[in-house]
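Trainee: Each protein sequence line maps, in turn, to chains A and B. In this text, residue positions in the first sequence follow this note's numbering: the first is 391, and each later residue adds one. In this text, residue positions in the second sequence follow this note's numbering: the first is 27, and each later residue adds one. Supplied in structure tokens, the structure appears directly below.
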Amino acid sequence: MFDVDFLVDRVFPSLNAGLWMSVKLIVPSAVFGLLFGVIIGIVRVFGKPWMQRVANAYTALFRGVPLLVQLFILYFGLPNIGIYLEPYAASVLGFILCSAAYNSEYVRGALLSIRQGQLSAAQALGFSTMQTLISIVVPQAVRRALPGCGNEIVYLIKYSSLAYVITCIELTGEAKVLASRTFRFTEVFLVVGAYYLFLVTVASWLLHKVEERFHIPGFGRPRQ
Amino acid sequence: MATPESVTTSGTPILRLENIGKTLGGKRILSDISMDVDKGELKVLIGPSGAGKSTLLQCINYLIPPDEGHIRLEGRVVDASRKSELYAFRQQVGMIFQDFNLFDHLDALSNVSIALRKVRGMSRKAAAERAMAELERVGLANRATLYPAQLSGGQKQRVAIARALAMDPKVMLLDEPTSALDPELVGEVLAVIRDLARGGMTMVMASHQMDFTRALAHEILFMERGSIIERGSPAELLAPGSGTRTADFCSRLTDLCEECS
């Protein structure tokens, strides 16, 4: 069944193009999703009451509505109020909004796990609230949230495939086009599966390196 | 507005509490607490659990803002509604907690130096030098690069003391500094506190270490249900047959310890 010429001449070239588009979707979405997730998580724990309400509502909305529906609204819905987004822009925006909502939940959990006593100790030394956040809370919370946020990045790699539904043709999109033309679904999608597995493996390895880099005795598992 | 220099004379207490009161969740935690703490004095708060000792100590540096009364440091009332004044005040009042509260993500040296850098604005190098000197003072210079998770309870508490001392506090508040420690580690922490007391550090300490209190306290304040009900020197309150609540409480503490051992 596996036809080497078909793989080399047709599958790899089109999937490689799709892979590049996928990477262009994933990297900015992961970076800004994490950044906004940290900010929203901090606001949900330490913000003024009204800010907490806004951030909680944001998270409830973007965690509660299917991502595909969000993408449809961004791409097909917004033109009704005069906002036209390119497929790529709509996809990245949708991924960032969704990923930030999930990350904020991991960050919130990490922030809540920091013992109140350490905040009292910082205050007793004369730290302002902001200094306490920056110097004491965030460095610990980031370490505690890292495994969860890493998990979210792995999810993101896979749900980035939804972009093809709003015509941003990435890895899955290229595969769909090619498979429909050639009717060789098994080969094409087996290779696509391997591509995603490769992406996730690379991401997991990087995340593991980051965790090791920031490892401190007493946080999570001991260094191997 | 009075300035510290103009008010402080040899006769003025360094710390004065005037009629401190606190209600939390409809429950009266502290009522009408007053005391004068002179320079170099060690005051020990004693009393059953729930008496309000911890709350009182946290009221003094506004970790729990008191509802009533005034706190004067060197004669000057703190205006806690002004953030910068509050932060400046707290720098002058060191606090030691029962469960140490070291910063888990920093090694011993950085635990001591971080406030010097972030609050005092000292350079990294100057802060590290000062922090090392304080670690030496508590006998932990050789543990400077270890993280809290790698230190024993007694070592953690000594790092916490070094961290407070690095800010050159005028007063130290100690909230049962040895009660979370294994018995064999209590001595090393008490030795550090004893050296501080002998060196003239002004301290208010909640403690149930009676031998230590008897030997070093200038005054014992016995608290119950949010009030100070007895106060006096250890000799007065703990004399055999004095019939004080303090003596009664302490004898029961001692009985308890004998049962344990």
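Each residue gets a CB set at the ideal place from its N, CA and C atoms; glycine is no exception.
Expressed to the nearest angstrom, what Euclidean distance is found between the alpha-carbon atoms of residue 231 of chain B and residue 510 of chain A?
Mentor: By one-based count along the second sequence, residue 231 of chain B stands at place 205. By one-based count along the first sequence, residue 510 of chain A stands at place 120. So the two alpha carbons sit approximately 17 Å from each other.
Trainee: Could you tell me whether the Cβ of residue 231 of chain B comes closer than 8 Å to any Cβ of chain A?
Mentor: Looking up residue 231 of chain B in the second sequence gives position 205. No, its Cβ sits nowhere closer than 8 Å to a Cβ of chain A.
Trainee: Would you please verify whether the beta carbon of residue 594 of chain A is less than 8 Å from any beta carbon of chain B?
Mentor: Taking the first sequence and counting its residues from 1, one reaches residue 594 of chain A at position 204. It does not; no Cβ of chain B falls within 8 Å.
Trainee: Start and end of the alpha helix (DSSP H) containing residue 135 of chain B?
Mentor: Within the second sequence, numbered from 1, the residue matching residue 135 of chain B stands at position 109. Per DSSP, residue 135 of chain B belongs to the alpha helix (DSSP H) from 134 to 144.
Trainee: Check for me: the beta strand (DSSP E) holding residue 120 of chain B runs from which residue to which?
Mentor: Within the second sequence, residue 120 of chain B is the residue found at index 94, counting from 1. Its beta strand (DSSP E) spans residues 119 to 122.
Trainee: Does the beta-carbon distance from residue 125 of chain B to residue 206 of chain B come in below 8 Å?
Mentor: Your numbering for residue 125 of chain B matches position 99 in the second sequence. Your numbering for residue 206 of chain B matches position 180 in the second sequence. For the pair residue 125 of chain B and residue 206 of chain B, the CB atoms are nearer than the 8 Å cut-off.
Trainee: Starting from residue 566 of chain A, trace the alpha helix (DSSP H) in both directions and tell me its first and last residue.
Mentor: Here residue 566 of chain A refers to the residue found at position 176 of the first sequence. Start and end: 561 to 572.
Trainee: Just curious, the alpha helix (DSSP H) that residue 520 of chain A is in, first and last residue?
Mentor: Along the first sequence, read from residue 1 onward, the residue named residue 520 of chain A stands at position 130. Run containing residue 520 of chain A: 519 to 522, per the alpha helix (DSSP H) assignment.
Trainee: Compare the C-alpha of residue 528 of chain A against each of A/405, A/429, A/470, A/513 and name the closest.
Mentor: Translated into the one-based positions of the first sequence, residue 528 of chain A becomes position 138. For residue 528 of chain A, the nearest C-alpha among the options comes from A/429.
Trainee: Looking at residue 575 of chain A and residue 636 of chain A, is the spacing between their C-beta atoms short of 8 Å?
Mentor: Beyond the ends of chain A as shown, which are 391 and 614, falls residue 636 of chain A; an answer cannot be given.
Trainee: Using the C-alpha atoms, what's the distance from residue 597 of chain A back to residue 477 of chain A?
Mentor: Here the question's residue 477 of chain A lines up with position 87 in the first sequence. Here the question's residue 597 of chain A lines up with position 207 in the first sequence. The C-alpha of residue 477 of chain A lies about 29 Å from the C-alpha of residue 597 of chain A.
Trainee: Grab me the residues of residue 562 of chain A's own chain with a C-beta within less than 7 Å of its C-beta, minus the 5 sequence neighbours each way, in chain order.
Mentor: Along the first sequence, read from residue 1 onward, the residue named residue 562 of chain A stands at position 172. Within the same chain, residue 562 of chain A has close Cβ partners 551, 554, 582.
Trainee: Following a CB-centred definition, is residue 551 of chain A positioned closer than 7 Å to any heavy atom of the ligand ATP?
Mentor: This structure lacks the ligand ATP, and indeed carries no ligand of any kind.
Trainee: With a threshold of 8 Å between beta-carbons, can residue 603 of chain A be considered close to chain B, or not?
Mentor: As a position in the first sequence, residue 603 of chain A is number 213, starting the count at 1. Output row for residue 603 of chain A: interface = no.
Trainee: Using C-beta distances below 6 Å, list every residue in its chain close to residue 68 of chain B, excluding the 5 sequence neighbours before and after it, in chain order.
Mentor: To locate residue 68 of chain B, count along the second sequence from 1; it is residue 42. If we look at residue 68 of chain B and ignore the five residues flanking it on each side, its Cβ neighbours are 223, 229, 242, 243, 244.
Trainee: So what's residue 503 of chain A in DSSP terms, helix, strand or just coil?
Mentor: Here the question's residue 503 of chain A lines up with position 113 in the first sequence. Coil.
Trainee: Quick check: the stretch 152 to 159 of chain B against the stretch 203 to 220 of chain B, are there 3 or more CB pairs under 8 Å?
Mentor: no
Trainee: Which partner residues of residue 396 of chain A appear in the DSSP bridge assignment?
Mentor: As a first step, residue 396 of chain A must be located in the first sequence, where it is residue number 6. Looking at the DSSP assignment, residue 396 of chain A forms no beta bridge with any residue, so it has no partner.
Trainee: Distance check for residue 106 of chain B and residue 74 of chain B, CA to CA, integer angstroms please.
Mentor: Walking along the second sequence from the start, residue 74 of chain B turns up at place 48. Walking along the second sequence from the start, residue 106 of chain B turns up at place 80. Taking the straight line from one Cα to the other gives about 30 Å.
Trainee: The alpha helix (DSSP H) with residue 199 of chain B in it runs from where to where?
Mentor: In the second sequence, residue 199 of chain B corresponds to position 173, counting from 1. Looking at the DSSP string, residue 199 of chain B is not in any alpha helix (DSSP H); the run it does join, the beta strand (DSSP E), is 197 to 201.
Trainee: Using a beta-carbon distance below 8 Å, is residue 243 of chain B in contact with chain A?
Mentor: Looking up residue 243 of chain B in the second sequence gives position 217. Chain A, which has no Cβ nearer than 8 Å to the Cβ of residue 243 of chain B, makes this no.
Trainee: Tell me which residue opens and which closes the alpha helix (DSSP H) that residue 378 of chain A is part of.
Mentor: Lying before the first or after the last residue shown, residue 378 of chain A is absent from chain A, which here runs from 391 to 614.
Trainee: At the 8 Å Cβ level, is residue 131 of chain B part of the contact set with chain A, yes or no?
Mentor: To locate residue 131 of chain B, count along the second sequence from 1; it is residue 105. Yes - at least one Cβ of chain A is within 8 Å of the one on residue 131 of chain B.
Trainee: Give me the Cα-Cα distance between residue 467 of chain A and residue 458 of chain A, rounded to the nearest whole angstrom.
Mentor: In the first sequence, the residue the question calls residue 467 of chain A occupies position 77. In the first sequence, the residue the question calls residue 458 of chain A occupies position 68. Approximately 12 Å between the Cα atoms of the pair.
Trainee: Classify residue 455 of chain A as helix, strand or coil using the three-state DSSP reduction.
Mentor: Residue mapping note: residue 455 of chain A aligns to position 65 of the first sequence, counting from 1. Residue state, collapsed to three classes: coil.
Trainee: Decide if residue 275 of chain B is buried, meaning its Cβ has at least 16 other Cβ atoms within 10 Å, or exposed.
Mentor: Locating residue 275 of chain B in the second sequence gives position 249, where the first residue counts as 1. Under this definition residue 275 of chain B is a buried residue.
Trainee: Name the one or two DSSP bridge partners that residue 248 of chain B has.
Mentor: For the purposes of this step, residue 248 of chain B is taken as residue 222 along the second sequence, with counting starting at 1. In DSSP, residue 248 of chain B forms a bridge with B/72, B/256.
Trainee: Measuring only between beta-carbons, confirm whether residue 606 of chain A sits less than 8 Å from chain B.
Mentor: Taking the first sequence and counting its residues from 1, one reaches residue 606 of chain A at position 216. Yes, contact with chain B.
Trainee: Can you give the Cα-Cα distance for residue 461 of chain A and residue 404 of chain A, rounded to whole angstroms?
Mentor: In the first sequence, the residue the question calls residue 461 of chain A occupies position 71. In the first sequence, the residue the question calls residue 404 of chain A occupies position 14. Looking at the two C-alpha atoms, the distance is approximately 24 Å.
Trainee: Indicate whether residue 127 of chain B and residue 530 of chain A have their beta-carbon atoms separated by less than 8 Å.
Mentor: As a first step, residue 127 of chain B must be located in the second sequence, where it is residue number 101. As a first step, residue 530 of chain A must be located in the first sequence, where it is residue number 140. No, Cβ-Cβ distance for residue 127 of chain B and residue 530 of chain A is not below 8 Å.
Trainee: Tell me residue 96 of chain B's beta-bridge partners as DSSP assigns them.
Mentor: Locating residue 96 of chain B in the second sequence gives position 70, counting from the first residue. Note: residue 96 of chain B sits in a beta bridge opposite B/44.
Trainee: Should residue 138 of chain B be labelled buried (16 or more other beta-carbon atoms within 10 Å of its own) or exposed?
Mentor: The residue given as residue 138 of chain B occupies position 112 in the second sequence. Classification of residue 138 of chain B: buried, given that the 10 Å Cβ count is 16 or more.
Trainee: Pull up the CB-CB distance for residue 100 of chain B and residue 45 of chain B, whole angstroms please, since I reckon it's below 8 Å.
Mentor: In the second sequence, residue 100 of chain B corresponds to position 74, counting from 1. In the second sequence, residue 45 of chain B corresponds to position 19, counting from 1. The Cβ separation is near 19 Å, so there is no contact.
Trainee: Is it buried or exposed for residue 492 of chain A, if we count other Cβ within 10 angstroms and need 16 for buried?
Mentor: Here residue 492 of chain A refers to the residue found at position 102 when the first sequence is read from its first residue. So residue 492 of chain A counts as buried.
Trainee: Our contact map puts residue 601 of chain A next to residue 536 of chain A with C-beta atoms below 8 Å; I'd like the distance itself, whole angstroms only.
Mentor: Indexing the first sequence from 1 puts residue 601 of chain A at position 211. Indexing the first sequence from 1 puts residue 536 of chain A at position 146. About 6 Å separates the two Cβ atoms, so the contact holds.
Trainee: For the candidate residues A/438, A/543, A/479, A/488, whose alpha-carbon lies nearest to that of residue 454 of chain A?
Mentor: Counting from 1 along the first sequence, the entry for residue 454 of chain A is found at position 64. Looking at the Cα atoms, A/488 is the closest of the given residues.
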